[in-house]
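Note sheet for the following structure.
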Amino acid sequence: MKSDIRHPKAEPEEQPAVTRRQFLRNGARAAALTGLGGLAAIVASRSAAKGTVWQIDPQKCVRCGNCATACVLEQSAVKCVHAFAICGYCQLCTGYFEPEPNDLNTGAENCLCPTAAIKRTYVEDPYYEYTIDERLCIGCAKCVEGCNRFGNGSLFLQVRHDRCVSCNECAISKVCAGDAFRRVPADQPYLLKTTSH
Amino acid sequence: MKNRDRNITRRRFLRETAGGAGLLTVGSGTFAASVGLAGAASVGKDPNPFAYDVERLRKTDPKLIHYEQIGRFAGLSPDPRRIVIGPEDRVYIAAGNGVSVLDREGTRINSIDLGTAARCVAVAGDGTIYAGARDHVEVFDSKGKRLATWDSPGKRTWFTGLAVGGNDVFAADAGNRVVLRYEKSGKLAGRIGEKNKERNIPGLIMPSPYLDVKVGHDGLLRVNNTGRHRVEAYTPSGDLELSWGKPTSAIEGFCGCCNPVGLAMLPDGRHVTCEKGLPRVKVYSPEGVFQSVVAGAESFVENAKATFVKGTEDCRLGGLDAAVDSQQRIYILDLVANDVRVMKHKA
Amino acid sequence: MRAETRSPIPGAGKPNPDGRSPKFELRRRWIWFLWGVLLLVLSASVAVAEHRFPPPDFETGHQLPVTTTRPARAVWFQYLDVAVLAASLGMANWLIYKRRSRKGLIVLSIFSVLYFGFWRKGCICAIGSLQNVSLALCDRSYAVPVGVVAFFLLPLALALFAGRSFCAAVCPHGALQDLVLLKPVKVPAWLEQPLSVLPYIYLGAGVLFSATGSAFIICQYDPFVPIFRMSGRGLMVLSGAALLLLGVFVGRPYCRFLCPYGALLKLGAIVAKWRVRVTPDYCTQCRLCEASCPFGAMREPQSSPAGAQALVKDRQRLAWMLALLPVLLAGGGWLGHQLGAPASRLHPTVSLADQLVRAEGVAPKFGALSPDDLALERARQEPKEILTEAAGIRHKFDLGGWIFGAWVGLVIGTKLISLSVRRKRTDYEPDRGECFACARCFEYCPNELVRRGLMPAAAPVEGGVARSGPASATVGGSSV
Chain A
225 MKSDIRHPKA EPEEQPAVTR RQFLRNGARA AALTGLGGLA AIVASRSAAK
275 GTVWQIDPQK CVRCGNCATA CVLEQSAVKC VHAFAICGYC QLCTGYFEPE
325 PNDLNTGAEN CLCPTAAIKR TYVEDPYYEY TIDERLCIGC AKCVEGCNRF
375 GNGSLFLQVR HDRCVSCNEC AISKVCAGDA FRRVPADQPY LLKTTSH
Chain B
1345 MKNRDRNITR RRFLRETAGG AGLLTVGSGT FAASVGLAGA ASVGKDPNPF
1395 AYDVERLRKT DPKLIHYEQI GRFAGLSPDP RRIVIGPEDR VYIAAGNGVS
1445 VLDREGTRIN SIDLGTAARC VAVAGDGTIY AGARDHVEVF DSKGKRLATW
1495 DSPGKRTWFT GLAVGGNDVF AADAGNRVVL RYEKSGKLAG RIGEKNKERN
1545 IPGLIMPSPY LDVKVGHDGL LRVNNTGRHR VEAYTPSGDL ELSWGKPTSA
1595 IEGFCGCCNP VGLAMLPDGR HVTCEKGLPR VKVYSPEGVF QSVVAGAESF
1645 VENAKATFVK GTEDCRLGGL DAAVDSQQRI YILDLVANDV RVMKHKA
Chain C
12 MRAETRSPIP GAGKPNPDGR SPKFELRRRW IWFLWGVLLL VLSASVAVAE
62 HRFPPPDFET GHQLPVTTTR PARAVWFQYL DVAVLAASLG MANWLIYKRR
112 SRKGLIVLSI FSVLYFGFWR KGCICAIGSL QNVSLALCDR SYAVPVGVVA
162 FFLLPLALAL FAGRSFCAAV CPHGALQDLV LLKPVKVPAW LEQPLSVLPY
212 IYLGAGVLFS ATGSAFIICQ YDPFVPIFRM SGRGLMVLSG AALLLLGVFV
262 GRPYCRFLCP YGALLKLGAI VAKWRVRVTP DYCTQCRLCE ASCPFGAMRE
312 PQSSPAGAQA LVKDRQRLAW MLALLPVLLA GGGWLGHQLG APASRLHPTV
362 SLADQLVRAE GVAPKFGALS PDDLALERAR QEPKEILTEA AGIRHKFDLG
412 GWIFGAWVGL VIGTKLISLS VRRKRTDYEP DRGECFACAR CFEYCPNELV
462 RRGLMPAAAP VEGGVARSGP ASATVGGSSV
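Chains as they are written, first to last, in the working numbering: chain A, 225 to 421; chain B, 1345 to 1691; chain C, 12 to 491.
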């Protein structure tokens, strides 16, 4: 940082206390700092202390299927989620079964889910409980469509924050057909359904 | 790194720079365009490989449709829920926060305000109107003056259907999965449809609030057990007389997970059923054998897109309701498009 | 940002003004927090059920499972990132100016690649943060997180004093490129000069698209984040790998020719208080460091031209360039304005509005629709809002196009002027704006080797040193 050390053999010269260049530089630096400070003030007045993360508004989702393919991660961070209080626990669940199943059992030909991520367990007659295995779910929204079209709409897609890397601009949000993605505070990162549809 | 040739002239330098700049513009422009186009074109236009496709089920065989539309009018209030036909063939629609009374062409006769969401309605022979809010029933005279407000039966009450038969008023409580029998004074007289092993009653399975009750001309109640895809007939005292229906998306059964959502009775005992999901209205024989289609799924365009409708808060997603007038014309209330179609049997 | 004692409860905010002990406050806040959670849980199970159709009554007493809500990354991690950034910047500066150690910078680079790169997956980063800041300036509804603002300000503020020390070893992108540089090749001047304008154009485009809320193109086209994240769009992963491969031979290609934040840092570094010097004390013009910079940032001593003729020509050229500047500004602005309309289509609402207008009169589709068709059907539910919003965005692009075009004109004009200006220089020193402070050139300087004790100090060279002549004249050559 010692920029003014001169060669020991150099001729001594008259050097002004501050050269014109140094003066201009200092001035520019001061202006830049003021500018940065002003910018910081404006932006800080609109800043949120907590971070934001991305989430899907289930009321706006149109089940286009882009969540499964558009995420930057290989297995999408969007998974289907079940609101158990809204579910009807139907024997013939239209989110679980194909529109015309051969039989109401867990056979693969009857199931809607392409990765068999929904598990069906018997509770009591005629109620069955349906749970999602997130390791298998790809977030394609096929079950969500079936559930919303015929049923109560208790299945819906949500961004799972143990998987999401919180990109600055979510790649899925750019192609979301329902414009359902929005930034939510990181301490309340889910928009769960509390009423149907 | 080699020694730079310091004798390059400024002119040559600037000329080569300009050449380099031109090259660069072309190169970077191409790259940006290709990446941008590649990105834009790939997503969105391709069909969804995970699409839930029921289009083939939406088509009805024209030979099965025995009714034709002779009239159509819009509902007066938003959020319609139930339709019944009263004396003099007046149309009563429970919509929004009250009951709209219209004539056969859809002209407004009267509007009754309930103060809270009106979920169901029934009209007695003398014109008395029984309107069901979510948790209690209110009684009005034929002009719309409030006569009485009945007590709420309790927690979890969710009325979705009303019917008048003889001296009784039947209120279908979907929340408690029961049909309540009231005397006309408002006193609770009985409970119908609850699970009872001794009486061989399997119980009403209600995944969503669409329990409807209608009194047939044979005096039996008809109740839609949506969870079991059946229509059940009860005596007013609660005995299960008959039940029919099967779950299938094919035309002769009830589609989806909970259907039918609406019932109406023709004078000869035939049933008119309404379904949601694949919105269709059908006629069944008194024994429950499929007879004909009143309106097929392809005719309900708005209903088919019902998943985009905003403001559907309480499990009400699309669906239809039907009522029969004295001329055996069937009135279909479209809950999404908020209009009524008048259907007449084809000659 | 001021260091405040913040409790880990998000949104707790300012410290207590009453002067109660912080521990008491902390405990009080935890109690309130727990009450809040309890109330929330109770209300969720009871109050909301009032408006929800009740689920079936299970005779077996089966309990309904609860929907799991795995939490996002805790808020205080954000502050940890900022702290690590500040510490890394401090360490980088110390290594560059005090210790003058290349080895230290290599270690710091590896740390940055591991922490900011692979651990944090390259996001949050200072390069992208400029988009967040520009969006926050133009969109009142966007609340930018404090950590992002810190990531934007800290390296810039430091650049105003100490040059591009952020680029040296803290930025994961730069550190990665720096670590793979094995066989530096010089980029010819006719290529390097136009390419060096690109970062400013990219900066302008990034600000334009982020300020209008269209897209974060800097994030979208970041070539190294897919490598850090180890997944991403195929084309971006390939271009990242290609750029890295290029970086084995051409030093720091992204930093020199693309990085938009680097453009800002360069502007800041030009007016920096301190500068990186090759020599720890004085320069003897020995030319040993001439070829030491793999990034082409080393500048030689230069003097004014010999004769008055050359000076006149120089001044004429400079005058032409200065006169050209307003022309470039106006022309660029006009061109940018023309490009504003097609550029606005990058915004999803605008493209949807275009689709809506084109599809007017076309019957609605049913059945299994593609996402585009679904978006169109959804748009048909609320056409007015979408068309109004699209018109607003197009208007923003009208204005933004002018500004962006003028900016590009300004950048090109300034580059031409800077090429026409002669800078008087007596020593070998790296260019303020282009030097990445990587400390590679230090080891080439004999005085540095003396400082490190690797060479004995020698007597000053006989015959003095030419201070203002061209370096090729006389002495200099045979010191030590």
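All residues carry an ideal CB built from backbone N, CA and C; glycine is no exception.
Element boundaries [alpha helix (DSSP H), containing residue i]
| i | result |
| --- | --- |
| Tyr213/C | 209-222 |
| Arg113/C | 113-123 |
| Gln412/A | Taken as a continuous stretch (DSSP letters only), Gln412/A belongs to no alpha helix (DSSP H), as it is neither H nor E. |
| Tyr1628/B | Run containing Tyr1628/B: none in the alpha helix (DSSP H); it sits in the beta strand (DSSP E), 1624-1628. |
| Val144/C | 137-149 |
Residue i (DSSP reduced to helix, strand or coil)
| i | result |
| --- | --- |
| Gln283/A | coil |
| Cys230/C | helix |
| Tyr352/A | strand |
| Ile362/A | coil |
| Lys565/C | Absent from the structure is residue 565/C, since the part of chain C shown begins at 12 and ends at 491. |
| Gly416/C | helix |
| His184/C | helix |
| Arg131/C | coil |
| Met241/C | coil |
| Gln204/C | helix |
| Phe405/A | strand |
| Gly1589/B | coil |
| Gly424/C | helix |
| Ile1595/B | coil |
| Cys1659/B | Residue confidence for Cys1659/B is low, a pLDDT of 47 falling below 50, so the modelled location carries little weight and cannot support an answer. |
| Glu1619/B | strand |
| Pro382/C | helix |
Contacts around residue i, its chain only, beta-carbon distance under 8 Å, and the 5 residues preceding and following it disregarded
| i | result |
| --- | --- |
| Val155/C | Asn143, Val144, Leu146, Ala147 |
| Val286/A | Ala401, Gly402, Ala404 |
| Gly1547/B | Arg1521, Gly1537, Glu1538, Lys1539, Asn1540 |
| Lys277/C | Arg175, Pro210, Gly444, Glu445 |
| Asp292/C | Asn458, Arg462 |
Contact under 7 Å by Cβ, residue i with residue j
| i | j | result |
| --- | --- | --- |
| Thr318/A | Gly370/A | yes |
| Ser99/C | Leu106/C | no |
| Phe172/C | Ser140/C | no |
| Val267/A | Val160/C | yes |
| Cys1618/B | Leu1664/B | yes |
| Val289/C | Tyr439/C | yes |
| Leu1524/B | Ala1518/B | no |
| Pro67/C | Tyr354/A | no |
| Gly174/C | Val282/C | no |
| Ser242/C | Leu297/A | yes |
| Tyr1578/B | Leu1584/B | yes |
| Lys1688/B | His1410/B | no |
Own chain partners of residue i with C-beta closer than 6 Å, once the 5 adjacent residues on each side are dropped
| i | result |
| --- | --- |
| Cys288/A | Ala401 |
| Gly1488/B | Asn1454, Ile1456 |
| Ala379/C | none |
| Val1508/B | Ala1466, Ala1468 |
| Val1637/B | Thr1404, Leu1408, Ile1409, Lys1626 |
| Val361/C | Ser355, Ala401, Ile404 |
Limits of the beta strand (DSSP E) - the one that residue i falls within
| i | result |
| --- | --- |
| Pro1580/B | Here Pro1580/B belongs to no beta strand (DSSP E), and DSSP marks it neither H nor E. |
| Asn1520/B | Careful: Asn1520/B lies outside any beta strand (DSSP E) and carries neither H nor E. |
Cβ shell of residue i (< 7 Å), same chain only, five flanking positions each side left out
| i | result |
| --- | --- |
| Asn1682/B | Ala1418, Gly1419, Pro1422, Pro1424 |
| Ser176/C | Leu100, Ala103, Asn104, Ile107, Leu169, Ala448 |
If we require 4 or more residues per run, which alpha helix (DSSP H) segments fall completely within the region 253-331 of chain A? You should have 290-294.
Please give the ranges of any alpha helix (DSSP H) in the region 70-110 of chain C, keeping only runs that are unbroken, at least 4 residues long and fully inside the region. Listed in chain order, the complete alpha helix (DSSP H) runs (minimum 4 residues) inside the region 70-110 of chain C are 87-104.
Within the region 1427-1509 of chain B, ranges of the beta strand (DSSP E) (whole runs, at least 3 residues): 1435-1439, 1442-1446, 1452-1457, 1464-1467, 1473-1476, 1481-1484, 1490-1493, 1503-1509, all fully within the region 1427-1509 of chain B.
4 or more residues per run - each alpha helix (DSSP H) lying fully within the region 276-361 of chain C: If only uninterrupted alpha helix (DSSP H) runs of at least 4 residues are considered, those enclosed by the region 276-361 of chain C are 319-355.
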